[in-house]
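> Submitted below is the structure of interest, expressed as structure tokens.
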Amino acid sequence: MSLRLQAHMGTLRQLEILLAVYDCGTVGGAAQNLHLTQPTISMQLKKLADVIGLPLYNVIGRKLVFTEAGLEVVKTATEVLDSFAKLESSLSDLGELKSGTLRLAVVTTSKYFIPHLLGPFCERYPNVGVQLNIGNR
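Everything in the sequence shown is counted per my numbering, starting at 14 for the first residue and increasing by one.
Encoded structure:
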């Protein structure tokens, strides 16, 4: 993400904080869930609102009421953080050989024993595709 875009959108941590406040309904509840202080939560929300240029919520009594802009940011923040979670899961799967493609190039004589070796591998990693290229050296 470019610095310019980040300056306009805030940080992922600020989006996480905003969602925690939205889910809890209070700054105190979000602070407790995120193991942060209330002033830290308030400061990050102010920075996010300043970057966006619109108020994200109004305080009415002891209750937070999200503005239209705030609700839009909450919706988009949810999508962004869900996408990052999916990306993290996909990358983890690749790192653990849970998915992807195994490409093998083997000599012709190996065609007799490679299938027996690949069988257990394919059973253990059903989401890993296998491409076998049999040829002479």
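Think of the CB as a built atom: it goes at the ideal place given N, C-alpha and C, for glycine as much as any other residue.
Keep in mind the model is a prediction, meaning the values are calculated, not measured.
#1: What's the call for Q144, buried or exposed, on a 16-neighbour Cβ count within 10 Å?
#2: Closer than 8 Å is the cut-off here; do at least three beta carbon pairs connect the stretch 36 to 46 with the stretch 70 to 80?
#3: Ends of the alpha helix (DSSP H) at Y138?
#4: For N149, which of helix, strand or coil comes out of DSSP?
#5: Am I right that L94 and L32 are in contact with their C-beta atoms under 8 Å? What's the rounded C-beta distance?
#6: For I73, which residues does DSSP report across the bridge?
#7: Is it true that the CB of L100 sits closer than 8 Å to the CB of A82?
#8: Let me know if I54 comes out buried or exposed under the rule of 16 or more other beta-carbons within 10 Å of its beta-carbon.
#9: Which first and last residues belong to the alpha helix (DSSP H) in which T114 is found?
#10: With a CB to CB cut of under 6 Å and the five nearest residues on each side skipped, what residues in its chain are close to L28?
#11: From L84, Y35, C135, E92, pick the residue whose C-alpha is nearest to that of T114; which is it?
#12: Take the Cβ of G148 as the centre, count every other Cβ of all protein chains shown within 10 Å, and call the residue buried at 16 or more, exposed below.
#13: Secondary structure at P52, three-state DSSP: helix, strand or coil?
If we stick to the structure as given:
#1: Q144 comes out exposed.
#2: yes
#3: First-last for Y138: undefined, no H or E at that position.
#4: coil
#5: 7 Å
#6: In the DSSP output, where bridge partners are listed per residue, I73 has K76.
#7: no
#8: buried
#9: That residue, T114, is in no alpha helix (DSSP H); its beta strand (DSSP E) goes 113 to 120.
#10: Answer for L28: A90, listed in chain order.
#11: C135
#12: G148 comes out exposed.
#13: Three-state DSSP puts P52 in a helix.
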